[in-house]
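One structure is given here, and the rest of the page talks about it.
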Amino acid sequence: MVFSSGIFLFFFLPIVYLLYCICPNLKFKNALLILASLFFYAFGEPIYIFLMIGSILVNYCLARLIAASRQWAKAVLILTVVFNIGLLVVFKYSALLVETIGGLLGLSFAAPEIALPIGISFYTFQALSYCIDVYRDRNLVQKNVWKLMLYISFFPQLIAGPIVKYHDIEAQISDRCVTITGAALGIRRFICGLAKKLLIANAMAYIVDTLYTTSLDFWLTAWLAAVCYVFQIYFDFSGYSDMAIGLGRMFGFPFQENFQYPYISGSIQEFWRRWHISLSTWFKEYLYIPLGGNRKGAGRTMLNKLVVFMATGIWHGANWTFLVWGLFHGLFITLEYKKRIPLKNKVFAHIYTMLVVICGFVIFRADTIGQAGHILASMFTGFRANAVEFVFLAKLLTPYNIVCLIAAVVLSMPVSKWLAQKIKAPVVSYAASVILLILCIMNLASSSYNPFIYFRF
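In my numbering, each residue carries its 1-based index in the sequence shown increased by 20.
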């Protein structure tokens, strides 16, 4: 079940929210949210719900052991890391590892066919961060297993984040209230995210998926595929994050922002301060700083950055393209750290940043390194074309798709933020939200094309 589906919008969410509002106290509200979250996950993963529950129970026990024993705390923490990373290795990377080992040995091993549990990368990282936080501060240990289950399984952030750290919402699990103003703001935020997903991301996805059925030999089609994917993944994922943040607010939970207009960045370092913030801060707090951060000299700092971006890349999936994408960004981060790239001129800095981001996402989207290399080569050298290419592009770039592409460019900049500052009347923004909701419902009624990128991760 995804937020942009009819069954979620017209059945699951209204029923759950109505029941939540009439629940007499917080204990019943929490119980309702746990049951709703388990149903939400089981709707798409009926078998792997037991894996998620088992992961929660194991991490609950391990955290209690960490808090109870100072002598064995570090050993138990190591066991916790091994357990959680082991889950990811088995369910996400086992096929890649078997194929790679077989290739290195010159043997042909049958890759295990293990289905990827939805959201495993997100809920595993949340459980792991909780246990690490308990190791750092034993007072954070949660003795009530149901409260820990609510933290990890809460459906707004269960499938695709943002990755919520336990200490950020610990207080709200035990004591929160929902106001009319807060609920209204949450609903408005949810609708904005829904519009991003349905009205822009899906249009970009259609263009990208159509172009990827061709050879992408011509520079114009290659660039169009690359640019549209940049907007597809941004509006798809930031839209989903907006919906999650809005839902969290509706139920009284404050989730941190996950995107801050990353495409206005003037460096790759700034891009990562604005893109998928919950993931980048997670790696900063739980990997980069424990590795030594920037406290052990320039050489070690650059190595730490490369390790972090390698981990960031491989976190996204079991494909060498993700690893290369992570190292690609890590390379430019280290070059910027060494001040090898002149970034004083703002125009040059922005063009450079977007070129790196666009080329990086070509690698990210490709099925193989070879396909990524072919598309990148076409973008910069594929100048031969024929009439068929232009006819194909003319059919693909319908007036609707052109409008959506223009909207994507404009809305990737802080235009809505600027308008909100200029237009002080809240009624205008709420009226706009109603219009967006109507357009989204019309879109759902007229189209069955509704892909979601981060289900792959």
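Note that CB positions come from ideal geometry on N, CA and C, so glycine has one too.
Apart from the five residues on each side of it in sequence, which residues of its chain come closer than 6 Å, Cβ to Cβ, to residue i?
i: CYS212; result: ASP262
i: ALA246; result: ILE378, VAL382
i: TYR150; result: TYR186
i: PRO471; result: ALA225
i: PHE255; result: LYS216, ILE220, ALA221
i: TYR283; result: SER432
i: TYR37; result: none
Taking the alpha carbon of residue i as the point to measure from, which residue in the options has its own alpha carbon closest?
i: ASP157; options: VAL102, LEU107, ARG209, ALA88; result: ALA88
i: ILE297; options: LYS185, SER114, PHE31; result: LYS185
i: TYR113; options: TYR254, ILE422, ALA131; result: ALA131
i: GLU119; options: TRP340, ASN470, PRO446, PRO434; result: TRP340
i: ASN159; options: ILE371, ARG84, ALA451; result: ARG84
i: PRO44; options: CYS197, LEU375, LEU396; result: CYS197
i: LEU82; options: ILE98, TYR68, ILE67, ILE227; result: ILE98
i: GLY553; options: GLY64, GLU409, GLN91; result: As displayed, the chain neither begins before 21 nor continues past 477, which places residue 553 out of reach and without an answer.
i: TYR372; options: PHE32, LEU417, GLN289; result: GLN289
i: VAL22; options: TYR61, ARG360, HIS349, GLY333; result: TYR61
i: GLY259; options: ALA369, ILE473, LEU413, MET374; result: ILE473
i: LEU311; options: VAL408, LYS325, TYR281; result: LYS325
i: ALA115; options: LEU107, LEU323, GLU133; result: GLU133
i: MET322; options: PHE145, THR354, ALA223; result: THR354
i: SER141; options: LEU71, THR388, TRP292, LYS163; result: LEU71
i: TYR308; options: TRP166, PHE291, VAL327; result: VAL327
i: ALA386; options: LEU108, SER25, HIS370, VAL344; result: VAL344
i: LEU168; options: ASN50, LEU439, ALA95, VAL109; result: ASN50
i: GLY333; options: PHE384, ALA318, ARG320; result: PHE384
i: ASP188; options: LYS359, TRP302, ILE179; result: TRP302
i: LEU205; options: VAL109, VAL447, ILE35; result: VAL447
i: ILE200; options: GLY390, CYS41, PRO66; result: CYS41
Whole-angstrom Cβ separation of residue i and residue j, contact assumed at under 8 Å?
i: PHE342; j: HIS336; result: 4 Å
i: ALA56; j: PHE175; result: 6 Å
i: ARG294; j: SER285; result: 6 Å
i: ILE69; j: LEU52; result: That pair is no contact at about 17 Å.
i: ASN104; j: LEU148; result: 4 Å
i: PRO434; j: TYR306; result: That belief does not hold up - the Cβ atoms of PRO434 and TYR306 are roughly 30 Å apart, past 8 Å.
i: ALA223; j: CYS424; result: 4 Å
i: SER24; j: LEU299; result: With a Cβ gap of about 21 Å, SER24 and LEU299 do not count as contacting.
i: TRP166; j: ILE35; result: At roughly 21 Å, the Cβ-Cβ gap does not stay under 8 Å, so TRP166 and ILE35 are not in contact.
Given a threshold of 16 other Cβ atoms within 10 Å of its Cβ, counted over all protein chains shown, does residue i qualify as buried or as exposed?
i: LYS437; result: exposed
i: GLU356; result: buried
i: SER194; result: exposed
i: ASN278; result: buried
i: GLN441; result: exposed
i: TYR469; result: exposed
i: VAL124; result: First, the residue type needs correcting, since residue 124 is Leu and not Val in the sequence shown. It counts as exposed.
i: VAL228; result: buried
i: PHE145; result: buried
i: GLY346; result: buried
i: TRP92; result: exposed
i: SER128; result: exposed
i: PRO362; result: exposed
i: LYS366; result: exposed
i: SER13; result: Because residue 13 is not part of the residues shown, which for the chain are 21 to 477, the question remains open.
i: THR418; result: exposed
i: TYR80; result: buried
i: PHE410; result: exposed
i: VAL408; result: exposed
i: LYS368; result: A quick correction: the sequence has Phe, not Lys, at residue 368. Exposed, because fewer than 16 other Cβ atoms sit within 10 Å of the Cβ of PHE368.
i: THR100; result: buried
i: PHE32; result: buried
For residue i, I'd like the list of residues in its chain whose CB is within less than 8 Å of its CB, leaving aside the five on either flank, ordered along the chain.
i: GLY202; result: ARG269, MET270, GLY272
i: GLN192; result: GLY272, PHE273, PRO274
i: LEU413; result: LEU240, THR241, LEU244
i: ILE352; result: The question names Ile, but residue 352 is Phe in the sequence shown. Excluding sequence neighbours, PHE352 sits near ILE288, ILE361, VAL376.
i: ALA207; result: Ala is not the amino acid found at residue 207; the sequence shown has Ile there. The residues are GLY266, MET270, SER453.
Could you check whether the Cβ of residue i sits closer than 7 Å to any heavy atom belonging to the ligand FMN?
i: LEU267; result: With respect to the ligand FMN, the structure offers nothing, as it holds no ligand at all.
So, at 7 Å on beta carbons, what are the nonlocal neighbours of residue i in its own chain, with the 5 sequence-adjacent residues on each side left out?
i: LEU231; result: THR241, LEU244, ALA245
i: PHE275; result: GLN177, PRO182, VAL184, ALA264, ILE265, GLY268
i: MET399; result: TRP239, ALA242, TRP243, ALA246
i: VAL161; result: ALA83, ARG84, ALA87, VAL154
i: LEU136; result: PHE111, LYS112
i: ALA338; result: LYS112, TYR113, ALA115, LEU116
i: GLY26; result: LEU464
i: HIS349; result: ILE288, PHE329, GLY380
Inset, instruction - Count the CB pairs spanning the segment 414–431 and the segment 247–263 that are closer than 8 Å, and state whether there are at least three. - result: yes
Inset, instruction - Report yes or no: do the segment 165–172 and the segment 68–77 share at least 3 C-beta pairs separated by less than 8 Å? - result: yes
Inset, instruction - Answer yes if the segment 226–243 comes into contact with the segment 390–400, meaning at least three C-beta pairs across the two stretches below 8 Å, and no otherwise. - result: yes
Legend entry - the segment 445–462 contacting the segment 206–225, beta-carbon criterion three pairs below 8 Å: yes
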